[in-house]
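Q:
In the working numbering, the protein residues as written are 845 to 1036.
(1) Helix, strand or coil, according to DSSP, for residue 857 in the structure here?
(2) Determine, using beta-carbon pairs with one atom in the region 1005-1024 and one in the region 969-988, whether at least three such pairs fall under 8 Å.
(3) What did DSSP end up calling residue 1011 once you bin it into helix, strand or coil?
(4) So, using beta-carbon positions, are residue 851 and residue 910 closer together than 9 Å?
(5) Excluding the 5 residues flanking residue 871 on each side, which residues of the same chain have their C-beta closer than 6 Å to its C-beta?
(6) Would you list, in sequence order, the uninterrupted alpha helix (DSSP H) runs of no fewer than 4 residues that lie entirely inside the region 912-995?
(7) DSSP three-state call for residue 1023: helix, strand or coil?
(8) Would residue 1004 and residue 966 be called neighbours here (beta carbons separated by less than 9 Å)?
(9) If residue 905 sits next to residue 927, beta carbons under 8 Å apart, how far is it from one beta carbon to the other, in whole angstroms?
(10) Taking three-plus beta-carbon pairs below 8 Å as touching, is the region 858-867 in contact with the region 895-902?
(11) Tell me the residue span of the beta strand (DSSP E) that contains residue 878.
(12) Apart from the five residues just before and just after residue 922, which ones in its own chain have a Cβ nearer than 8 Å to its Cβ?
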């Protein structure tokens, strides 16, 4: 039986949205599930990845699926680029890589820039380089509504689809930036 290690979105925990419905869906499909709580406060993406990697080391990668939502998808992707899991599931992969900076809204950059360390850490993430080292089956999900609200997120998903080998891009009709949305959950359950 494979285990899904699930990383939530930025500053989120198990209670932040209906994550239990997603985890229950994974379990109903026969997976063991581990919700990975991240210490978001005063840390950068490098710290979050290290925290996740320390926990991931306890699992056999051949029997492990890395999954994440939004910033959690970034963490899962970076970890998968270093130690290949059996699969990688990216839900609403945030556009926070070096290549994304030119197309991010100024308001987004201002918010990110409140922590210069955090902004620099994201700017040091090179999606192109990371994508070359991901060598597992990858599912890339993006909600149709969130893509309208955040075009950079859709572009990130499309580029991931072009660059990561052995992947499937799934556009979730009518879904916002919320992995616990019923439409999103239905799409996930169909794909896995």
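Every residue, glycine too, gets a C-beta built ideally from N, C-alpha and C.
Computed from a predicted model, the values in this text were never measured in an experiment.
A: Considering the structure as presented:
(1) coil
(2) yes
(3) strand
(4) yes
(5) 877
(6) 915-926, 950-956, 960-967, 971-976 and 988-993
(7) coil
(8) no
(9) 5 Å
(10) no
(11) 876-879
(12) 889, 893, 969 and 974
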